[in-house]
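A.B. asks: Protein chains in written order, with the working numbering: chain W, 22 to 151; chain Y, 25 to 377. Before I ask anything, here is the structure I am working with.
Below is the structure:
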């Protein structure tokens with residue numbers, strides 16, 4: 022019935038991720054099923070006006086893929102930096118009890134450097150969305 | 025008998041049954057109730073009755089809605105036709121992101137789908153999948169409004185993902201674990217300076233993180249103070265402009281469903297999740313909890329979720345919209361430094377006490 026083969030030696034860790042697969046499939050199957058039902062009963066009467074790109078009721082000007090200024094690519098770079106830092110902070114956060122003062126100082130230095138980066142970007146005027 | 029029957033089924037079958045049972049028995053009725061609650065709440069805030077026709081007191085509104093939208097024509101504009109396949113796929117990706125979020129939510133001591141050791145990490149990772157769906161929708165629509173809306177949404181979700189992640193770190197420091205089940209237990213067995221009457225819900229000790237988290241949730245959901253991506257006065261409805269029929273409904277319901285799931289995760293992190301303070305019933309560990317909590321737990325979690333959803337919607341209907349530059353400034357110059365300071369303060373206090 023299903024091509025998914027789960028061997029007895031598969032670790033519980035991987036096994037629990039099977040549920041994730043089911044949920045992902047469920048999302049697509051439920052939506053797919055309803056869209057399928059919809060395809061059977063909905064009308065389909067296209068005409069030129071209906072298939073026109075919507076631009077507040079007037080005829081569209083130029084291509085829909087018009088050029089626009091992508092302002093947030095610097096934000097995106099900053100985001101990647103901070104997100105990677107977060108990956109380092111999480112394991113430290115779970116083990117803080119064990120590392121105590123040492124870990125605290127280490128992370129203090131780490132976060133201070135991180136904040137310095139943010140202040141640098143701030144001073145450079147990168148954090149302005151204009 | 026049932027246990028013997030279950031052990032006959034291979035593991036993948038068991039987990040499939042569990043998922044199907046959970047979806048049909050828990051999430052479908054939950055969705056119906058939340059949908060009605062939200063619609064009634066919004067209506068009362070605007071001095072109107074809200075849904076009244078479908079079923080008693082409008083209780084079948086969700087099904088009426090689905091029935092109605094099923095009959096609507098599914099239009100793919102000619103300009104979007106070259107990208108029709110991904111145009112049609114985009115709403116499903118947003119929906120899948122919401123579904124995948126539910127996987128880690130613990131509903132009771134044994135009522136859970138999975139028990140990941142890094143549960144909260146998984147939740148944060150999966151929640152950002154919806155950005156892909158929104159970007160795809162914005163790009164493939166071949167519409168200027170959609171494109172701008174998609175780009176704005178991506179910029180906003182990227183900016184508010186960080187305060188959210190950093191706010192969660194405060195909770196992880198206090199609980200000492202990323203497992204959502206253990207975070208719940210830690211809150212309900214905890215005590216505040218020796219007083220264990222209410223456990224230790226982190227909304228008290230991590231109040232700053234809670235506020236930052238809820239603001240970030242509001243922004244991730246693109247609800248009103250942060251709804252630049254779908255600002256109807258300038259972008260019609262942003263990345264959803266070209267969608268019609270059932271695909272629009274998927275976006276629309278996905279928005280409410282995600283609000284519900286995020287509220288669940290927030291109530292697990294900050295309000296004690298499915299638990300009541302264990303000291304009330306003389307429980308000490310998760311194994312000593314009475315079985316009725318597997319039924320009571322989901323209801324408790326549900327109540328807490330409704331409270332948080334109420335706050336999200338209340339703010340949505342009370343505040344005007346941010347401007348795009350204000351929105352970015354608020355995240356980068358306000359929330360992120362606050363969240364980082366909160367992490368260090370929490371860490372110092374944790375080590376000191």
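The C-beta atom is built at its ideal place from N, Cα and C for all residues, glycine as well.
Measuring alpha carbon to alpha carbon, tell me which residue in 180(Y), 39(Y), 248(Y), 270(Y) is nearest residue 62(W).
C.D. replies: Comparing Cα positions, the closest option is 270(Y).
A.B. asks: Alpha carbon to alpha carbon, how far is residue 212(Y) from residue 372(Y)? Give it in angstroms, no decimals.
C.D. replies: About 23 angstroms.
A.B. asks: Are there 16 or more other CB atoms within 10 angstroms of the CB of residue 62(Y), so buried, or fewer, so exposed?
C.D. replies: That one is buried.
A.B. asks: Between residue 34(W) and residue 139(Y), what straight-line distance do the alpha-carbon atoms span, to the nearest angstrom?
C.D. replies: Cα to Cα, the separation comes out at about 9 angstroms.
A.B. asks: Classify residue 251(Y) as buried or exposed, calling it buried when 16 or more other Cβ atoms lie within 10 Å of its own Cβ.
C.D. replies: So residue 251(Y) counts as buried.
A.B. asks: What are the residues that DSSP puts in a beta bridge with residue 219(Y)?
C.D. replies: 216(Y).
A.B. asks: Can you give the beta carbon distance from residue 191(Y) to residue 149(Y), rounded, assuming they're within the 8 angstroms contact cut?
C.D. replies: So it is not a contact: roughly 16 angstroms between Cβ atoms.
A.B. asks: Which same chain residues end up closer than 7 angstroms to residue 147(Y) when comparing Cβ atoms and leaving out the 5 residues on each side of it in sequence?
C.D. replies: Same-chain partners within the cutoff: 125, 128, 289.
A.B. asks: Would you mind stating whether residue 59(Y) and residue 280(Y) have Cβ atoms separated by less than 8 angstroms?
C.D. replies: Yes, they are a contact pair.
A.B. asks: Buried or exposed: residue 68(Y), going by 16 or more other Cβ atoms within 10 Å of its Cβ?
C.D. replies: When all chains shown are included, residue 68(Y) counts as exposed.
A.B. asks: Would you say residue 13(Y) lies against chain W (beta-carbon separation less than 8 angstroms)?
C.D. replies: No answer is possible for residue 13(Y): the residues shown for chain Y start at 25 and end at 377.
A.B. asks: Using alpha carbons as the reference points, say which of 308(Y), 112(Y), 179(Y) lies closest to residue 243(Y).
C.D. replies: Closest by alpha carbon: 179(Y).
A.B. asks: Could you spell out where the alpha helix (DSSP H) holding residue 73(W) opens and where it closes?
C.D. replies: Unbroken run through residue 73(W): none, as it is neither H nor E.
A.B. asks: Output, in chain order, the set of chain W residues within a Cβ distance shorter than 8 angstroms of residue 269(Y).
C.D. replies: In chain order: 59, 63.
A.B. asks: Could you spell out the range, first to last residue, of the alpha helix (DSSP H) harbouring residue 228(Y)?
C.D. replies: Residues 226 to 229.
A.B. asks: Using only CA atoms, which one of 194(Y), 267(Y), 254(Y) lies nearest to residue 235(Y)?
C.D. replies: Out of 194(Y), 267(Y), 254(Y), 194(Y) has the C-alpha closest to the C-alpha of residue 235(Y).
A.B. asks: If contact is defined by three or more beta carbon pairs under 8 angstroms, each pair taking one atom from either stretch, is the region 62 to 78 of chain W in contact with the region 93 to 107 of chain Y?
C.D. replies: Verdict: yes, contact present.
A.B. asks: Beta carbons nearer than 9 angstroms to chain W: which residues of the region 136 to 148 of chain Y have them?
C.D. replies: Result list: 137, 138, 139, 140, 141, 142, 144, 145, 146, 148.
A.B. asks: If residue 207(Y) sits next to residue 114(W), beta carbons under 8 angstroms apart, how far is it from one beta carbon to the other, in whole angstroms?
C.D. replies: About 12 angstroms separates the two Cβ atoms, so there is no contact after all.
A.B. asks: Rounding to the nearest angstrom, what Cα-Cα distance links residue 294(Y) and residue 153(Y) in this structure?
C.D. replies: Going from the Cα of residue 294(Y) to the Cα of residue 153(Y) covers about 24 angstroms.
A.B. asks: For residue 360(Y), collect the residues of the same chain with a Cβ closer than 6 angstroms to its Cβ; drop the 5 residues on either side in sequence, then sort them by chain order.
C.D. replies: Here the set comprises 186, 187.
A.B. asks: Suppose only complete runs of 4+ residues qualify. What are the alpha helix (DSSP H) ranges in the region 25 to 102 of chain Y, listed by chain order?
C.D. replies: Taking only runs of at least 4 residues, the alpha helix (DSSP H) segments lying wholly in the region 25 to 102 of chain Y are 26 to 32, 35 to 46, 52 to 69, 85 to 94.
A.B. asks: What residue ranges within the region 104 to 170 of chain Y form continuous alpha helix (DSSP H) runs of no fewer than 4 residues, ordered along the chain?
C.D. replies: Within the region 104 to 170 of chain Y, the complete alpha helix (DSSP H) runs of at least 4 residues are 108 to 126, 143 to 151, 153 to 164.
A.B. asks: Going residue by residue through the region 37 to 74 of chain W, where are the continuous alpha helix (DSSP H) segments of at least 4 residues, counting only ones entirely within it?
C.D. replies: Complete alpha helix (DSSP H) runs here, min 4: none at all.
A.B. asks: Rounded C-beta distance between residue 246(Y) and residue 239(Y)? I'm assuming under 8 angstroms.
C.D. replies: Their Cβ separation, rounded to whole angstroms, is 13 angstroms, which puts residue 246(Y) and residue 239(Y) out of contact at 8 angstroms.
A.B. asks: May I have the straight-line CA-CA distance separating residue 267(Y) from residue 114(Y), to the nearest angstrom?
C.D. replies: In a straight line, the C-alpha of residue 267(Y) is about 10 angstroms away from that of residue 114(Y).
A.B. asks: Starting from residue 360(Y), follow the alpha helix (DSSP H) in both directions and report where the run begins and ends.
C.D. replies: Where residue 360(Y) is concerned, the enclosing alpha helix (DSSP H) stretches over 360 to 376.
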